[in-house]
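Here the working numbering is used: the first residue of the sequence shown is 108, the next is one more, and so on.
Where a beta carbon is used, it is the ideal one built from N, C-alpha and C, also for glycine.
One structure below.
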Amino acid sequence: MSTTHMQDRKHAGTAEGVLGAAFLRRADQELAATDELLERCFPGDPGTRQPVHTVYVPADAFTPDLARTWGERALAAVADGGLQELATAVAPEGTSSQAQAAVVAAVEHKLRTEPIEDLRIDFEDGFGDQGDQAEDAQAVAAAQAVADAVRSGTAPPFIGIRFKCFEAATRERGLRTLDLFVSTLVRSGGLREAGVSPDGLPVGLVLTLPKVSTFAQVQVMVRACERLEQELGLAHGRLRFEVQMETAPLILGVDGRSPLGDVIHRTDGRVEALHYGTYDYSDSLQIAAEYQSMEHPAADHAKAIMQVAVAGTGVRLSDGSTNILPLGEPAQRDAAWANHARLVRRSLEHGYYQGWDLHPAQLPTRFLATYFFFAEGFPAAAVRLRNYVEKVESAVMDEPATARALARFVHRGLLCGAVPEDQLRSATGLDPQQLVALAHPRAAAGAASAPTTPAPGGSPA
Numbered sequence: 108m109s110t111t112h113m114q115d116r117k118h119a120g121t122a123e124g125v126l127g128a129a130f131l132r133r134a135d136q137e138l139a140a141t142d143e144l145l146e147r148c149f150p151g152d153p154g155t156r157q158p159v160h161t162v163y164v165p166a167d168a169f170t171p172d173l174a175r176t177w178g179e180r181a182l183a184a185v186a187d188g189g190l191q192e193l194a195t196a197v198a199p200e201g202t203s204s205q206a207q208a209a210v211v212a213a214v215e216h217k218l219r220t221e222p223i224e225d226l227r228i229d230f231e232d233g234f235g236d237q238g239d240q241a242e243d244a245q246a247v248a249a250a251q252a253v254a255d256a257v258r259s260g261t262a263p264p265f266i267g268i269r270f271k272c273f274e275a276a277t278r279e280r281g282l283r284t285l286d287l288f289v290s291t292l293v294r295s296g297g298l299r300e301a302g303v304s305p306d307g308l309p310v311g312l313v314l315t316l317p318k319v320s321t322f323a324q325v326q327v328m329v330r331a332c333e334r335l336e337q338e339l340g341l342a343h344g345r346l347r348f349e350v351q352m353e354t355a356p357l358i359l360g361v362d363g364r365s366p367l368g369d370v371i372h373r374t375d376g377r378v379e380a381l382h383y384g385t386y387d388y389s390d391s392l393q394i395a396a397e398y399q400s401m402e403h404p405a406a407d408h409a410k411a412i413m414q415v416a417v418a419g420t421g422v423r424l425s426d427g428s429t430n431i432l433p434l435g436e437p438a439q440r441d442a443a444w445a446n447h448a449r450l451v452r453r454s455l456e457h458g459y460y461q462g463w464d465l466h467p468a469q470l471p472t473r474f475l476a477t478y479f480f481f482a483e484g485f486p487a488a489a490v491r492l493r494n495y496v497e498k499v500e501s502a503v504m505d506e507p508a509t510a511r512a513l514a515r516f517v518h519r520g521l522l523c524g525a526v527p528e529d530q531l532r533s534a535t536g537l538d539p540q541q542l543v544a545l546a547h548p549r550a551a552a553g554a555a556s557a558p559t560t561p562a563p564g565g566s567p568a
């Protein structure tokens, strides 16, 4: 509670207590540092869109029309039985035929219009070591291809690169690829000249730092971002990045504590997400390949620590991937789809709203499972929200914290396309702005008092 609110409360009534004004002033003084800490380090979720997945493709496989191609391949993967048959197979038990039909229609539209929400052009594991000359050329080509995609409207809402990690063997290469990619975009990508971007960078630019083991590696990335901003004339703080949690020392450091607190709170707001890397992390714990999985107890342990670390900070959390792909014989494909849909649903139930996809054939189950999750929970959430807003007495008495959770759930469904806006209005009586005010009151209040022009680098709404 701020000092102003405390003062308002002090003078709100005429009744006299025994603590006295001096005690209240002392409390304000003693808790001033706590107030500042909570304000600075725990601002809450910004309420902006978080993609439901990240797609990784090798850098030399990226083209400006890749998202469209993946959508076509995703639909072709289910051509035999259609989305309806796959939906029937992976729908939650008890889903009505009407609800299934609505989800199928929404997912088909999604695959035709926005099959990839977040795309990472991979210069790490997906690219390998092709030599400096080849990687230099590919970093420049990737930047130019991204600019082409953004100008033509074929780029996903979020797009960027994963460069090589900052361990000794690949540090120089990773930094050079980062430099060439960002510098080429700003200097010759043409986005500023085309009126698409005020600073030459895509609005949804994402940079990924992989295989992080220590806070020092993250600090180097922060300094690299600062230097790039200074040299390229970018606004301070424009370059942010996500950290891939793929090694044990990022969960438990040599001093017996987790470095994640430092990664989030001592990086000048540069870190925007933590991503769990299923297979590298499993390997770092010497888990046998057969048992490496997003649902291994070791994976759940790591993600639970990550989840606590990001709580209230505005930093997003992403689950990893499964390498069991829906390819081959029909029985094998069906089993892989069922497994993928189950894992997506499991992540959502655990509060991990984003994951990785590795192949176009995973997109149908990514969106089916996600849309079923929100569609299944929406009717009850909508009733409770309406009752809360309209102060209707019911068997469930929701408190403000629960109302925020209900509104956040519905808002995520709205942003990813699982909940249509007309359905939101008819079922809850709320418009999107009112929903955001309930789901993210602090962010909504800040947005209302902020300038109307969005800051460079803001995530797409």
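Distance from the CA atom of Lys217 to the CA atom of Ala186, rounded to whole angstroms, is 16 Å.
Runs of the alpha helix (DSSP H) lying entirely within the region 496 to 554, each at least 4 residues long, are 507 to 523, 528 to 535 and 539 to 546 in chain order. A residue is called buried when at least 16 other Cβ atoms come within 10 angstroms of its Cβ; Ala250 meets this threshold and is buried. Counting of Cβ neighbours within 10 angstroms places Thr220 among the exposed residues, the total staying below 16.
For Glu379, the uninterrupted beta strand (DSSP E) segment begins and ends at Val378 to Tyr383.
Counting every other CB atom within 10 Å of its CB across the protein chains shown gives Tyr398 a total below 16, marking it as exposed. Runs of the beta strand (DSSP E) spanning 3 or more residues and lying entirely within the region 258 to 319 occur at 265 to 269 and 312 to 319, in chain order. The criterion of a C-beta distance shorter than 8 Å is not satisfied by Phe348 and Gly311. About 24 Å separates the beta carbons of Ala262 and Leu475, which is beyond the 8 Å limit, so they are not a contact pair. Scanning the region 150 to 191 for uninterrupted beta strand (DSSP E) segments of 3 residues or longer gives 160 to 165, listed from N- to C-terminal end.
Cα atoms of Gly384 and Arg258: separation of roughly 32 Å, rounded to the nearest angstrom. Between the C-alpha atoms of Arg299 and Leu226 there is a straight-line separation of about 22 Å. Residue environment: Val361 is assigned as exposed (fewer than 16 neighbouring CB atoms within 10 Å of its CB, all protein chains considered). For the pair Gly124 and Ile412, the Cα-to-Cα distance works out to about 43 Å. For Leu465, there is no enclosing alpha helix (DSSP H), as DSSP gives it neither H nor E.
By the 16-neighbour rule on beta-carbons within 10 angstroms, Arg330 is exposed. With contacts defined as CB atoms closer than 8 Å, Arg377 and Cys332 qualify as a contacting pair.
Put simply, the backbone Cα of Phe480 is about 43 Å away from that of Leu339. Per the coordinates, the alpha-carbon of Leu285 lies some 11 Å from the alpha-carbon of Val313. Taking C-beta separations shorter than 7 Å and ignoring five residues to either side along the sequence, the partners of Val303 in its chain run Val257 and Arg258, following chain order.
Taken through DSSP and simplified to helix, strand or coil, Glu338 comes out as helix. Unbroken alpha helix (DSSP H) runs of no fewer than 4 residues, entirely contained in the region 398 to 444, are found at 404 to 417, following chain order. In the three-state reduction of the DSSP assignment, Arg330 falls in the helix class.
With respect to the 8 Å criterion, Ala482 and Val517 are not classified as neighbours on the basis of their beta carbons. As the crow flies, the alpha-carbon of Ser428 is around 19 Å from that of Gly178. Within 10 angstroms of the beta-carbon of Lys498 lie fewer than 16 other beta-carbons, which makes it exposed.
Exposure of Val415 is indicated by the presence of fewer than 16 other C-beta atoms within 10 angstroms of its C-beta. Taking the Cβ atoms as the reference, Asp306 lies roughly 7 Å from Arg345, within the contact range of under 8 Å.
In the structure shown, Gln351 adopts extended strand secondary structure according to DSSP, grouped into three states.
By the Cβ-count criterion, Glu353 is buried, with 16 or more other Cβ atoms from all chains shown falling within 10 Å of its own Cβ. Linking Gly421 to Pro153 through their CA atoms gives a straight-line distance of about 6 Å. Secondary structure at Asp236: coil, using DSSP grouped into helix, strand and coil. Listed in chain order, the non-local C-beta contacts of Pro437 below 8 Å within the same chain comprise Asp187, local neighbours out to five positions each way being set aside. Beta-bridge pairing by DSSP links Ile228 to Val164 and Ile268. Distances from the CA of Ala241 to each of Glu224, Ala209, Arg283 and Pro507 were compared; the closest alpha carbon is that of Arg283. Annotated as distal: Ala355 and Arg423, with beta-carbon spacing of 8 Å or more.
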